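Visitor: Under the numbering used here, the first residue of the sequence shown carries the number 1, and numbering increases by one thereafter.
All C-beta atoms in this analysis are idealised placements derived from N, C-alpha and C, irrespective of residue type, glycine included.
Please read all numbers here as calculations on a predicted model, not as lab measurements.
Here it is, the structure in full.
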Amino acid sequence: KLENDVNLLNEMRGVSSVMLLAGVIILLGTFIPELTLTSHSFAILLFLGFAIGRVLSFGLDGKPNKLIVQGLIFELILGGANTFCLVNTLV
């Protein structure tokens with residue numbers, strides 16, 4: 001069971017904290033123009049990083065359940081949208 005695996009819980013809390021702090025920076029970038037570049041960069045790394053990891057896992061571990069596949073689709077969409085916005089910001 002998950003509640004008995006201290007190491008797995010520790011890893012999950014560590015990743016969750018990174019996601020939370022990245023989310024705060026992404027949110028701040030929508031209100032503070034000076035953080036727009038940083039916000040898009042964090043969002044691209046977060047969303048596409050998870051998407052790449054999930055695709056790799058599909059090949060190595062097999063197909064997960066429907067919710068994970070839906071998560072992958074949203075990560076690809078949000079990562080792509082942030083990439084598009086970042087390119088438009090820089091041009």
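Excluding sequence positions up to five away, which residues of its chain have a Cβ less than 6 Å from the Cβ of L78?
Guide: These residues qualify, in order along the chain: F47.
Visitor: Within this structure, are the beta carbons of S39 and I26 separated by less than 8 Å?
Guide: Result yes, Cβ atoms of S39 and I26 sit closer than 8 Å.
Visitor: Throw me the rounded Cβ distance for the T89 and T30 pair, which I believe falls under 8 Å.
Guide: No, T89 and T30 are not in contact; Cβ-Cβ is about 13 Å, not under 8 Å.
Visitor: Can you give me the Cβ contacts of V18 inside the same chain, cut-off strictly under 6 Å, excluding the 5 residues immediately before and after it?
Guide: Cβ within range, chain order: n/a, list empty.
Visitor: Grouping DSSP H, G and I as helix and E and B as strand, with all else coil, what is G71?
Guide: Looking at G71 - three-state DSSP - the assignment turns out to be helix.
Visitor: With a 10 Å radius around its C-beta and 16 neighbouring C-beta atoms as the bar for buried, classify F74 as buried or exposed.
Guide: Classification for F74: exposed.
Visitor: Out of M12, S41, N10, which has the shortest C-alpha to C-alpha gap to C85?
Guide: It is S41 whose Cα lies nearest to the Cα of C85.
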